[in-house]
Amino acid sequence: MADKTKTTMYGTVKVFLWILFFLFFVVVVSVCATSNKLMYICSIHATIKSNLQDIFTGILLRNTSLNVTLNGTLNVITEPTTMDRTRSVASRIVSKAPTNLQTPRPDACEDCFSHNFKYVIDNDVTCKLYNNSQEIDLIIFIFTTHQRQQERNAIRQTWLKYTNKNTGNVRYSFLLGEVPDENVRNLVEMENKIHSDIIKEDFVDTYRNLTYKTMMAFKYSITKCSHAKYVLKTDDDMWVNIPGLLKVIQREKKTLQTAVGGACHPVAGPIRNPSSKWYASYQSYPHNSYPGFCSGTGKLFGGQLRFKFSRPESLRGRRK
Numbered sequence: 030m031a032d033k034t035k036t037t038m039y040g041t042v043k044v045f046l047w048i049l050f051f052l053f054f055v056v057v058v059s060v061c062a063t064s065n066k067l068m069y070i071c072s073i074h075a076t077i078k079s080n081l082q083d084i085f086t087g088i089l090l091r092n093t094s095l096n097v098t099l100n101g102t103l104n105v106i107t108e109p110t111t112m113d114r115t116r117s118v119a120s121r122i123v124s125k126a127p128t129n130l131q132t133p134r135p136d137a138c139e140d141c142f143s144h145n146f147k148y149v150i151d152n153d154v155t156c157k158l159y160n161n162s163q164e165i166d167l168i169i170f171i172f173t174t175h176q177r178q179q180e181r182n183a184i185r186q187t188w189l190k191y192t193n194k195n196t197g198n199v200r201y202s203f204l205l206g207e208v209p210d211e212n213v214r215n216l217v218e219m220e221n222k223i224h225s226d227i228i229k230e231d232f233v234d235t236y237r238n239l240t241y242k243t244m245m246a247f248k249y250s251i252t253k254c255s256h257a258k259y260v261l262k263t264d265d266d267m268w269v270n271i272p273g274l275l276k277v278i279q280r281e282k283k284t285l286q287t288a289v290g291g292a293c294h295p296v297a298g299p300i301r302n303p304s305s306k307w308y309a310s311y312q313s314y315p316h317n318s319y320p321g322f323c324s325g326t327g328k329l330f331g332g333q334l335r336f337k338f339s340r341p342e343s344l345r346g347r348r349k
C-alpha cells in the first residue's frame with residue numbers, strides 16, 4: 030500500500046514538472062518570436078530610473094548652484110552630483126535598448142518647429158518705456174495654463190510686485206496657448222483686461238507643445254522687447270528672488286552673453302517609459318543621452334542669445 034502511494038505521488042510530481050516545462054517552453058518561444066523583446070526590459074529600467082530620480086532629487090537640489098561656466102551656449106554644473114552619476118549609469122543601460130523601432134527624427138531640420146501662429150492676446154504695453162528710460166534690465170516670461178488663475182494671482186501679489194505692474198526696470202508676461210473651452214477662454218480674457226500681462230497664441234496649449242511656447246517667448250522678446258538686456262523663462266509655480274537675481278546678473282553679465290544660467294545638467298538620458306510625463310520615444314529622440322541642458326524651472330540668458338536661438342521664420346507670427 031505504501032509503495033502504491035509513493036508511486037502515485039511520484040507520478041503526480043512528474044506530471045507537474047512536465048506542465049511547468051511546457052509552460053516555460055511556451056514563454057521562451059513567445060519571447061523569442063517577439064521582435065521587440067527588449068522593450069519590456071527598457072520599460073522596467075525606465076520605471077526604476079524614474080523612482081531613483083525622485084529619491085535623489087533632494088540631493089541634487091542641495092548640490093546645485095548657479096555656477097556659470099562657458100560651454101558653448103550652455104551653463105553646466107562643474108561638479109557632478111549624485112543625480113548626474115545616477116543618470117550616467119542609467120544612460121549606459123538605455124544604450125542596450127533597440128534603436129531601430131521606428132524611423133527617428135533627424136538631429137537637424139529646417140521645418141521641425143515652424144512658428145507661424147498668430148496672437149490671440151497681445152500686450153504691447155509689457156515692454157513700454159516710461160520716464161525717458163531707454164532700457165529694461167530683465168523680461169520674465171512665465172509659463173502657465175488657463176486654469177491656473179489662482180497661481181497667477183498669488184505671484185502677482187508676491188514676488189511680481191517688484192515689477193511695479195510692469196512699469197519698472199523688470200517686466201513680465203504670462204504665456205498661454207489656446208484651449209477649446211470657451212468659458213475658460215473668456216475668464217482669461219477678463220483677467221487680462223484687469224492686469225494686461227498675458228500673451229497668448231493660437232497653438233493648442235498642451236505639455237507636448239511647450240516648445241511652441243518657448244518660441245513664442247523668443248519671438249515676443251525680439252519683436253516687442255528687444256531693448257531688454259536679459260531674459261528669464263520660468264513657471265507659475267516658482268518663486269523668483271528678483272533682487273537676488275539682478276545681483277547674479279550684475280556679477281555674471283559678461284558670461285551670460287554667451288551662456289545660459291540655471292539648474293543645469295551635463296549628463297542625462299531620455300526616459301523611455303510611456304507612462305512618464307517626460308517620456309521620449311525613439312522616434313522623437315533616437316539617442317541614448319541628451320546634450321547638456323538647463324531645467325525649465327528657470328533659464329536666464331543675455332539678450333543677444335535670443336537671436337541665436339530663433340530663426341527668421343520664427344518671427345513671422347501673425348497678429349489677429
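For the sequence shown, our numbering assigns the number 30 to the initial residue and increments by one for each residue that follows. Glycine included, each C-beta is placed from N, C-alpha and C at the ideal position. Quick caveat: nothing in here was measured; it's all calculated off a predicted structure.
DSSP state of Leu158 mapped onto helix, strand, coil: Coil at Leu158, not helix or strand.
Between the Cα of Gln286 and those of Lys258, Tyr201 and His316, spot the shortest distance and give me the residue it belongs to. Nearest to Gln286 by alpha-carbon distance, out of Lys258, Tyr201 and His316, is Lys258.
With a 10 Å radius around its C-beta and 16 neighbouring C-beta atoms as the bar for buried, classify Ala297 as buried or exposed. When all chains shown are included, Ala297 counts as buried.
Bridge partners - Glu207, DSSP secondary structure assignment: Val233
Could you check where the beta strand (DSSP E) with Phe7 kicks off and where it finishes? Outside the modelled stretch of the chain, which goes from 30 to 349, sits residue 7, for which no answer is possible.
Exposed unless 16 or more other CB atoms sit within 10 angstroms - verdict on Ala137: exposed
Can you name the start and end residues of the beta strand (DSSP E) that Phe322 belongs to? Phe322 to Gly331
Ile300 to Ala292 span [Cα, whole Å]: 19 Å
Find out if the Cβ-Cβ distance for the pair Lys253, Phe172 is shorter than 9 Å. No, Cβ-Cβ distance for Lys253 and Phe172 is not below 9 Å.
Quick check on His144: does DSSP put it in helix, strand or coil? Coil, per DSSP.
Give me the Cβ distance between His144 and Lys229, rounded to the nearest whole Å; I'm assuming they're in contact under 8 Å. Contact flag wrong, Cβ pair sits at about 14 Å.
So, using beta-carbon positions, are Gly290 and Lys262 closer together than 9 Å? no
So what does DSSP say about Arg200, is it helix, strand or coil? strand
Cα-Cα separation between Pro209 and Met244, rounded to whole angstroms: About 22 Å.
Residues sharing a beta bridge with Thr263, DSSP: Ile171 and Gly327
Based on DSSP bridge pairs, tell me the residues matched to Phe308. For the record, residue 308 in the displayed sequence is Tyr; it is not Phe. Tyr308 pairs with Ile300.
Do His256 and Val217 have their CB atoms nearer than 9 Å? no
CA-to-CA distance, Ser318 to Arg185, given in whole angstroms: 38 Å
Is the beta carbon of Asp234 sitting closer than 9 Å to the one on Thr326? no
Paired residues, beta bridge with Val289 - DSSP: Among the bridge pairs identified by DSSP, Val289 is matched with Phe330.
Span of the alpha helix (DSSP H) around Gln279: Ile271 to Arg280
In three-state terms, what does DSSP make of Ala257? strand
Exposed or buried, what is Asn195 when buried is set at 16 or more other beta-carbons lying within 10 Å of its beta-carbon? buried
Expressed to the nearest angstrom, what Euclidean distance is found between the alpha-carbon atoms of Val149 and Leu204? Each residue's alpha carbon lies about 11 Å from the other.
By Cβ distance, which residues of its chain are closer than 7 Å to Asn198, with the 5 residues on each side in sequence left out? For Asn198, where only same-chain residues beyond five positions count, the Cβ hits under 7 Å are Ile165 and Asp166.
Indicate the three-state DSSP secondary structure (helix, strand or coil) for His224 in the structure shown. Per DSSP, reduced to three states, the secondary structure at His224 is helical.
Counting along the chain, where does the alpha helix (DSSP H) carrying Ala183 start and finish? Gln178 to Arg185
Quick one: what's got a C-beta closer than 8 Å to Trp188's C-beta in the same chain, skipping five residues either side? Trp268, Val269, Asn270 and Ile271
Considering only the beta carbon of each residue, do Gly332 and Ser202 sit closer than 9 Å? In this structure, Ser202 does not lie closer than 9 Å to Gly332 by Cβ.
CA nearest to the CA of Arg417, picked from Asp266, Pro320 and Ser310: With the chain represented from 30 up to 349, any question about residue 417 goes unanswered, as that position is not in the structure.
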